[in-house]
Each structure stands twice: as C-alpha cells, then as structure tokens.
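Protein sequence lines correspond, in order, to chains A and B. So the first sequence is numbered by this note's numbering: it starts at 1 and just counts up by one. So the second sequence is numbered by this note's numbering: it starts at 1 and just counts up by one. Just so you know, even glycine gets a beta-carbon here, dropped at the ideal spot from N, CA and C.
Protein chains: 2
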Amino acid sequence: MKIFYICKSQQKNMGAKITLKKIAKELGVSTSTVSKALSDSHEISVETREKVKAFAKMYNYKPNSLALRLRNQRSMVIGVIIPEIVHHFFSTVISGIEHGANERGYNVMVCFSDESYQKEVLNIEMLAGGSVDGFLVSIAKETQELSDFRHFEDLKEEVPLVLFDRVHPKINCDKVVVDDFGGGYKATEYLIKTGCKKLAIITTPDFVSVGLERKKGFLKAINDYNIAVPSEYIIQVNEKNDITAQIQKVINLPDRPDGIFAVNEIYAATAMKLAQDKGIKIPEEMSFIGFTDGYISQFSNPSLSTLAQHGHEMGEKAIELLINRIESKDSDFPFQTKVIDVDLKIRNSTKKTF
Amino acid sequence: MKIFYICKSQQKNMGAKITLKKIAKELGVSTSTVSKALSDSHEISVETREKVKAFAKMYNYKPNSLALRLRNQRSMVIGVIIPEIVHHFFSTVISGIEHGANERGYNVMVCFSDESYQKEVLNIEMLAGGSVDGFLVSIAKETQELSDFRHFEDLKEEVPLVLFDRVHPKINCDKVVVDDFGGGYKATEYLIKTGCKKLAIITTPDFVSVGLERKKGFLKAINDYNIAVPSEYIIQVNEKNDITAQIQKVINLPDRPDGIFAVNEIYAATAMKLAQDKGIKIPEEMSFIGFTDGYISQFSNPSLSTLAQHGHEMGEKAIELLINRIESKDSDFPFQTKVIDVDLKIRNSTKKTF
DNA sequence: TATTAACACGAAATCGTTTTAGTGTTACAC
DNA sequence: GTGTAACACTAAAACGATTTCGTGTTAATA
Numbered sequence: 001m002k003i004f005y006i007c008k009s010q011q012k013n014m015g016a017k018i019t020l021k022k023i024a025k026e027l028g029v030s031t032s033t034v035s036k037a038l039s040d041s042h043e044i045s046v047e048t049r050e051k052v053k054a055f056a057k058m059y060n061y062k063p064n065s066l067a068l069r070l071r072n073q074r075s076m077v078i079g080v081i082i083p084e085i086v087h088h089f090f091s092t093v094i095s096g097i098e099h100g101a102n103e104r105g106y107n108v109m110v111c112f113s114d115e116s117y118q119k120e121v122l123n124i125e126m127l128a129g130g131s132v133d134g135f136l137v138s139i140a141k142e143t144q145e146l147s148d149f150r151h152f153e154d155l156k157e158e159v160p161l162v163l164f165d166r167v168h169p170k171i172n173c174d175k176v177v178v179d180d181f182g183g184g185y186k187a188t189e190y191l192i193k194t195g196c197k198k199l200a201i202i203t204t205p206d207f208v209s210v211g212l213e214r215k216k217g218f219l220k221a222i223n224d225y226n227i228a229v230p231s232e233y234i235i236q237v238n239e240k241n242d243i244t245a246q247i248q249k250v251i252n253l254p255d256r257p258d259g260i261f262a263v264n265e266i267y268a269a270t271a272m273k274l275a276q277d278k279g280i281k282i283p284e285e286m287s288f289i290g291f292t293d294g295y296i297s298q299f300s301n302p303s304l305s306t307l308a309q310h311g312h313e314m315g316e317k318a319i320e321l322l323i324n325r326i327e328s329k330d331s332d333f334p335f336q337t338k339v340i341d342v343d344l345k346i347r348n349s350t351k352k353t354f
Numbered sequence: 001m002k003i004f005y006i007c008k009s010q011q012k013n014m015g016a017k018i019t020l021k022k023i024a025k026e027l028g029v030s031t032s033t034v035s036k037a038l039s040d041s042h043e044i045s046v047e048t049r050e051k052v053k054a055f056a057k058m059y060n061y062k063p064n065s066l067a068l069r070l071r072n073q074r075s076m077v078i079g080v081i082i083p084e085i086v087h088h089f090f091s092t093v094i095s096g097i098e099h100g101a102n103e104r105g106y107n108v109m110v111c112f113s114d115e116s117y118q119k120e121v122l123n124i125e126m127l128a129g130g131s132v133d134g135f136l137v138s139i140a141k142e143t144q145e146l147s148d149f150r151h152f153e154d155l156k157e158e159v160p161l162v163l164f165d166r167v168h169p170k171i172n173c174d175k176v177v178v179d180d181f182g183g184g185y186k187a188t189e190y191l192i193k194t195g196c197k198k199l200a201i202i203t204t205p206d207f208v209s210v211g212l213e214r215k216k217g218f219l220k221a222i223n224d225y226n227i228a229v230p231s232e233y234i235i236q237v238n239e240k241n242d243i244t245a246q247i248q249k250v251i252n253l254p255d256r257p258d259g260i261f262a263v264n265e266i267y268a269a270t271a272m273k274l275a276q277d278k279g280i281k282i283p284e285e286m287s288f289i290g291f292t293d294g295y296i297s298q299f300s301n302p303s304l305s306t307l308a309q310h311g312h313e314m315g316e317k318a319i320e321l322l323i324n325r326i327e328s329k330d331s332d333f334p335f336q337t338k339v340i341d342v343d344l345k346i347r348n349s350t351k352k353t354f
C-alpha cells in the first residue's frame with residue numbers, strides 16, 4: 001500500500017491538481033466517502049478515514065476554493081476600492097482592513113479607482129458578480145465632484161457596502177469617518193492658543209468631503225475666537241493645476257498669515273518648504289499644522305505638527321461593520337456611522353507655549 | 001409583455017441574485033437557450049435573443065463569476081503577497097501590478113506577510129486552492145532569515161510564481177529585481193566624486209537580499225577607488241532594536257564620516273536628522289544618499305539625494321512575466337530575471353560640484 | 001426465523017455557468 | 001411521399017465540492 005502511494009505521488013506534478021474525484025477513483029470509493037472521510041465523519045469507518053486522509057496528505061490535497069464558494073454561496077472575500085494606494089493614510093487603512101478581515105476568515109481584494117469615476121464603476125462591476133461578499137469603498141474625487149452615486153445604489157441591492165473616509169450623505173449605508181470637523185477645530189484652536197493671530201487654511205475644493213469638514217472645523221474655531229479671516233487666506237487647491245503655485249500665493253502675501261492649517265501632509269510640507277525658502281522662521285514667524293501623521297510629517301524639518309488619523313483603526317472598524325452586516329440574518333438593523341477620533345500631535349512646526 | 005417585466009422587476013430586491021436558471025424559468029425556455037441568447041448565438045432566433053436580452057437587462061443580470069471561473073478553470077485573479085503595505089515603494093509596485101493586470105483582464109488580490117514567515121505561508125495556502133491563477137511575491141524578512149522556501153517549491157507545482165524585489169537564488173522562477181548593486185555603486189561613486197573621503201554605509205543585515213546587494217555595490221566602489229572603510233563605518237541595523245541608537249553611533253564617532261550611503265529612506269532621513277541635531281552642516285560637512293524616492297526624500301530638509309527605484313515599472317514587468325507564464329501553453333521556456341534600472345536623483349543632501 | 005438497528009458507503013442533487021450532442025419540427029427538393 | 005437540411009431549441013455533462021437521502025450488509029433482538 002505504501003509503495004502504491006509513493007508510486008502515484010511521483011506523478012503528481014504531471015497531471016493537473018488533485019481533486020476529490022481523483023482521490024475517489026484511485027481509492028475505489030465514491031467522492032462522498034472521500035469528502036466525509038476528510039471531514040472526519042462518523043459515517044465512515046475509521047479504517048477508510050485513515051486511508052483517505054493519508055492519501056490526501058500525500059497528494060497535498062487542498063479543496064478548490066472556487067467550488068466551495070460556489071456551493072456555499074459565499075466567497076469569503078471582501079472587495080476594497082480606494083482612490084490611490086501610494087498614500088500613507090490609505091495604506092494604513094488597508095492594513096487595518098486586512099487585519100480585521102483575516103481575523104474573521106475573510107480575504108481582501110484591493111482595487112484602485114485612481115480618483116476616477118469610470119474606474120470606480122468598472123471596479124465595482126468587475127467584483128460584483130459573486131466575487132465578493134461585501135464592499136469597502138472610499139469614494140473617488142471625481143465621483144464626489146460628479147455627485148453620481150447610482151453604482152452604489154445598484155450595488156447595495158446585491159451585497160452590503162460600507163463607506164469609509166470619503167463618504168456622502170446621499171448614500172444610505174454604514175460609514176466610518178475620521179473626525180475631520182473636530183480635527184480642523186483642534187488644529188485651529190491650538191494655533192490660536194499659541195498666539196497666532198492671522199490664520200490661513202490650505203484645503204481642497206468643497207466637493208472633497210473630508211476637506212470640507214476640516215474647513216468647517218477651522219471656520220468654527222475662527223468664529224468661536226472672533227478672528228477675522230480675509231478671503232485670500234483661504235486657499236482651495238485645484239489638483240489639476242500646479243499645486244506649488246497655488247500655495248505660494250498665500251505665503252507671498254504682503255500681509256502674510258502667521259499660522260497655517262493644511263488639510264493634508266503634502267500641502268503642509270509644501271507650504272512649509274516654500275516659507276523656509278523665503279527665509280521665514282518656523283514656528284516663530286509662521287506655524288504649521290497638517291493632517292495625517294505620515295512619514296512626511298515625521299521626517300520634514302522641522303517636523304510637522306499634525307492630526308493623527310488612526311487609519312488602521314478605521315480599517316478595522318470598517319471591516320467589522322461590514323462583516324457584521326454580511327453575517328447578520330436580519331439585515332435591516334439601522335445603518336450607523338462611526339467616527340474615529342483624531343489626535344493632535346505637536347511637533348516642531350508650531351509654538352509650544354500658550 | 002412589457003407590463004409583465006415591470007411587474008416582476010419590482011420583486012428583484014426581494015429574492016436573491018438573478019441567475020440564468022431563473023431567467024430561463026420565467027421565460028419558459030432552457031438555461032442553454034438563455035446562455036446562448038445572451039452571447040448572441042445564431043443558434044437562437046432573433047426574436048428569442050431580443051426577448052432574453054431585454055429581460056436580462058431589466059433584471060440587471062450579471063453572470064456569477066465564481067461559476068464561470070470554476071467552469072473555465074481560470075480565476076483571472078493574481079495573488080500578490082508583500083511584506084508590508086505602509087511603505088512607499090511597495091505601494092508603487094502594487095500600483096504597477098494592478099495597472100498591468102487590469103489591462104489584460106486580471107484582478108489583483110493583495111495580502112500582507114507583515115514580514116512574518118508564518119503569515120506568508122498562511123497567505124499562500126489561503127490563496128492557493130484555485131483562488132488565483134498565479135502569484136507575485138516579495139519575500140518576508142523572516143523567511144529570508146530562516147532561508148526556508150518549501151512553501152514556494154510546493155506552490156510552483158500548482159501555479160506560476162514570480163518573485164519581485166526580495167528574491168532568492170535558491171528559488172527557481174521568474175524574477176524582477178531592482179539594480180541594487182548598481183545603485184549602491186552609483187551612490188558611492190557620486191559621494192567619492194563630490195569629494196567625500198570617509199564613507200560610511202547604513203544597511204540591513206546580510207540576509208535581506210536587497211540590503212546585501214546594495215552593500216556589495218558600495219564595497220565595489222570603495223575598492224575601485226581605493227578607499228579604506230573602517231569597520232565602525234559599516235552599520236547593519238537590526239530592526240528588532242532601537243534604530244536611532246544604532247544609527248547614532250556612526251554619527252557620534254570622534255572621527256566621523258563625511259559621506260553616508262543609507263540603503264533606504266528611513267535610515268537616510270533618520271541619520272540626517274541626527275546629524276543636524278548635532279549641528280553638522282549638510283551637505284558641506286556630511287553628505288547623504290538614500291535609496292527609494294519616496295515622500296520622505298522629497299520632503300525632508302534638506303531634500304535627500306536618492307536612488308529612484310521605479311516601483312511602478314517593476315510591478316508592470318512582474319505582472320507581465322507572470323501573465324505570460326500563465327497564458328503560455330508550453331510552460332517550460334526558461335526562467336528569466338529582469339533587472340530594473342535605478343536613477344540617481346541628486347537633491348540637496350549632497351554636494352553638487354565634482 | 002423474521003424484524004430491526006447499526007454501520008459503511010453510494011447516488012444524486014445542488015451551486016451557476018458553458019458547451020456538446022442531441023431532438024423535434026418545418027420546408028424543400030427529388 | 002420520402003429524404004434531408006435548416007432551424008430553434010433542450011438535455012445533459014462538466015467544473016469541484018458538500019449534503020441529503022437512500023441502500024445493502026451484517027448483527028442483534030424478539
């Protein structure tokens with residue numbers, strides 16, 4: 001018997017993958033017997049069970065997951081669509097998603113919309129045909145600009161959807177967002193309390209949900225502390241054009257600000273470099289606070305004060321909501337929106353004393 | 001007829017997904033007819049074809065991709081395993097892979113080994129059971145340290161494998177690597193030519209393939225130009241301990257180097273900050289060159305000279321090799337190793353004049 | 001000796017497709 | 001009137017698993 005196995009096993013590289021059917025044939029039993037034996041069913045005699053298991057192990061049998069999924073009507077795969085991957089924050093979110101998914105036995109399939117509406121729709125269509133049990137999406141900028149969310153509506157009828165970071169009130173589903181408003185407020189308040197009088201903001205156009213919220217937080221603080229902000233202190237960067245040129249304007253202003261809140265790392269670091277190039281002393285003459293605690297903030301010089309976003313936590317929260325939704329029998333419990341706190345991380349681009 | 005459709009279509013949210021079988025039942029034809037009608041087979045009358053297609057569209061029918069894959073014995077999915085995602089270089093590679101894959105109709109499934117041997121094996125097992133048509137892997141550090149590659153050997157019998165960036169000569173398969181040796185040489189040569197006399201290197205332990213190659217390049221240049229490098233100028237960072245403390249040693253040396261080549265951005269930026277803290281003038285008193293042209297290099301101050309790695313290109317090359325391997329009938333054409341060039345990008349952490 | 005329970009296994013349905021090999025009807029030519 | 005070609009469609013197998021429902025054999029019990 002042993003020899004027989006070894007003999008056969010030498011052929012394993014030749015043919016295609018080993019299946020239940022092939023094992024059954026070789027052993028002269030039915031596929032049902034093999035299946036049951038492998039799952040240690042008491043329906044099958046111990047003798048047969050051992051024989052089958054030994055054989056399966058020898059051939060390195062692994063059940064075909066496609067067949068399994070088809071039968072179980074479950075793919076155990078989560079589709080994730082993010083705007084871009086070369087981005088510290090999204091990387092951390094993905095890492096959280098992957099971690100949480102694996103913990104509950106799911107796999108993750110990542111696609112990128114490249115901020116394009118077209119690619120977002122395409123990706124969803126590609127993954128929707130039974131490939132995934134649920135979607136985790138952060139909306140592309142173009143989609144936000146177009147404000148066309150039909151693809152999400154269609155999707156929701158088939159499979160659960162959780163939106164994270166870039167969300168929209170029109171879409172009714174579970175959501176996980178960063179406390180963008182609170183972050184904007186905290187940053188601005190800190191600048192004010194450390195003595196900045198002339199506050200500027202470098203943000204995105206209003207259709208970018210997170211940019212808008214951060215700006216609102218800024219504006220609220222400005223208002224609460226009775227500070228006037230001239231319109232030229234509010235820069236809304238259009239990424240289709242030269243970013244540096246747009247940011248430079250506020251730095252070059254004759255009556256320039258002494259505190260700048262930027263809604264992301266890149267804007268903050270770019271602005272700070274521009275200021276340094278003009279010989280402006282940081283933080284004494286100009287303070288900076290960014291958003292996202294990535295490598296740019298850590299390694300810029302001076303290191304950037306910023307709002308840490310806890311992307312990993314956001315990913316874990318999002319996948320938790322999604323899997324709960326997938327696995328719940330009565331799927332009509334109300335949708336919820338989780339807000340992830342942000343931490344103000346003070347480094348050297350801001351003053352320390354109040 | 002029209003009314004009938006509308007009537008039914010209102011129920012579509014209720015039941016599960018629409019399938020060929022259901023369409024067939026509703027229309028009173030066989031599933032084969034529906035299948036053929038949808039693929040515009042001339043076996044089916046124009047009348048029936050139109051009817052089926054209209055119905056399918058109304059119900060927003062999408063073929064179940066699991067069933068398709070099972071039948072076609074192809075998943076059209078590529079499994080990618082990288083050591084970590086929160087990493088600029090790997091992000092760019094992923095983006096290249098995704099781009100190339102989509103172009104040829106494949107999807108990408110990304111998993112992370114977190115530099116752990118265990119997780120690498122687990123991920124491969126998870127994806128190997130028919131889920132993916134091929135693997136793209138960058139080896140985890142722990143796996144390199146353990147030098148245990150049986151999981152890859154087993155894998156290769158079932159499905160093609162392409163290794164990228166972190167490779168190993170023991171594994172016989174297609175590979176794509178960066179010209180790490182050449183990069184190390186170029187960097188060192190540049191430092192020498194701009195007047196540095198005392199050259200140090202901050203690198204990884206030798207089991208990290210890319211670190212070793214970069215060090216070899218450094219050593220070759222040192223040798224070619226007849227420069228002596230004392231052993232305390234060669235720092236091999238053990239990431240299990242405090243990185244900063246290890247790097248600090250070479251900066252604090254009484255007879256300190258005037259040119260430092262670091263094998264990644266983080267080491268370079270960390271070293272540079274440490275030097276700045278000591279009041280050392282950069283690049284006049286100490287020059288720095290890193291590896292990987294990420295955000296850290298761009299936004300550090302002074303901005304870091306570095307070797308740009310072209311991760312996107314590497315990803316595209318890797319996926320191309322893999323898909324060619326998957327789609328070729330005679331799969332025994334010889335394995336190849338592609339080397340991606342690196343570009344020395346001079347910024348402000350090095351001297352300009354020769 | 002007849003009945004029944006336990007045991008060990010197999011047949012067939014199922015998941016959603018595609019594809020090959022029929023099948024029945026009509027129409028036309030001889 | 002018969003043979004056959006075209007037409008329009010269906011049945012069934014296949015992909016690889018699981019699971020429900022049988023079924024045949026043996027052994028124990030009445």
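| Check | Outcome |
| --- | --- |
| Complete runs of the beta strand (DSSP E) confined to the segment 251-315 of chain A [at least 3 residues] | 259-262, 287-291 and 305-308 |
| Three-state class that DSSP yields for residue 109(B) in the structure shown | strand |
| Contact list for residue 92(B) against chain A, beta-carbon separation under 7 Å | 86 |
| Contacting positions in the segment 240-263 of chain B - beta carbon closer than 7 Å to chain A | none |
| Contact between the segment 204-215 of chain B and the segment 343-353 of chain B (3+ Cβ pairs under 8 Å) | no |
| Straight-line gap, residue 392(B) to residue 23(B) (C-alpha atoms, nearest Å) | Given a span of 1 to 354 for chain B in the structure shown, any question on residue 392(B) remains unanswerable. |
| Neighbour list for residue 142(A) in chain B, Cβ cutoff strictly below 8 Å | Neighbours of residue 142(A) on chain B: none; closest Cβ ~17 Å, over 8 Å. |
| Cβ distance (whole Å) where residue 136(B) is taken to contact residue 85(B) below 8 Å | Going by Cβ atoms, the distance from residue 136(B) to residue 85(B) rounds to 14 Å, so no, they are not a contact pair. |
| Interface residues of chain B facing residue 158(A) [CB-CB closer than 8 Å] | 17 |
| Closest Cα partner of residue 190(B) within the set 69(B), 76(B), 290(B) and 41(B) | 290(B) |
| Beta-carbon spacing of residue 177(B), residue 339(B) below 9 Å | yes |
| Buried or exposed (CB count within 10 angstroms, at least 16 for buried), residue 101(B) | buried |
| Any C-beta of chain A under 9 Å from that of residue 129(B) | yes |
| Local conformation of residue 28(B) per DSSP, three classes | coil |
| Bridge partners - residue 200(B), DSSP secondary structure assignment | 260(B) |
| Rounded straight-line distance, which links the Cα of residue 309(B) to that of residue 169(B) | 21 Å |
| Contact with chain A by residue 107(B), beta-carbon distance below 9 Å | yes |
| Test: residue 63(B) CB closer than 9 Å to a CB of chain A | yes |
| Whole-Å CB distance - residue 306(A) paired with residue 194(A), under 8 Å assumed | Wrong, their Cβ atoms sit about 15 Å apart, outside the cutoff. |
| Three or more C-beta pairs below 8 Å linking the segment 213-233 of chain B and the segment 251-270 of chain B | yes |
| Minimum Cβ-Cβ distance from residue 150(B) to chain A less than 9 Å | no |
| Endpoints, beta strand (DSSP E) assigned at residue 240(A) | First-last for residue 240(A): undefined, no H or E at that position. |
| Residue 271(A) beta carbon less than 9 Å from that of residue 297(A) | no |
| Inter-stretch contact at 8 Å, needing at least 3 Cβ pairs: the segment 272-286 of chain B / the segment 148-168 of chain B | no |
| Closest Cα partner of residue 20(B) within the set 68(B), 171(B), 303(B) and 99(B) | 68(B) |
| Test item: CB-CB of residue 186(A) and residue 130(B) under 9 Å | no |
| Residue 199(A) to residue 122(A) span [Cα, whole Å] | 42 Å |
| Amino acids of chain B, ordered along the chain, whose beta-carbon sits closer than 7 Å to that of residue 67(A) | 70 |
| Cβ of residue 295(B) within 9 Å of any chain A Cβ | yes |
| Neighbour list for residue 269(B) in chain A, Cβ cutoff strictly below 7 Å | 299 |
| Contact set between residue 60(B) and chain A, taken where Cβ atoms lie within less than 9 Å | 154, 157 and 158 |
| Residue burial classification, residue 257(B) (beta-carbon count within 10 angstroms, cutoff 16) | buried |
| CB-CB length for residue 96(A) against residue 314(A), believed under 8 Å | 6 Å |
| Residue 98(A) and residue 52(B) closer than 9 Å at C-beta | no |
| Beta-carbon proximity list for residue 236(B), same chain, < 6 Å, skipping 5 on both sides | 203 and 205 |
| As assigned by DSSP and simplified to three states, the class of residue 358(B) | This structure leaves residue 358(B) out entirely; chain B is present only between 1 and 354. |
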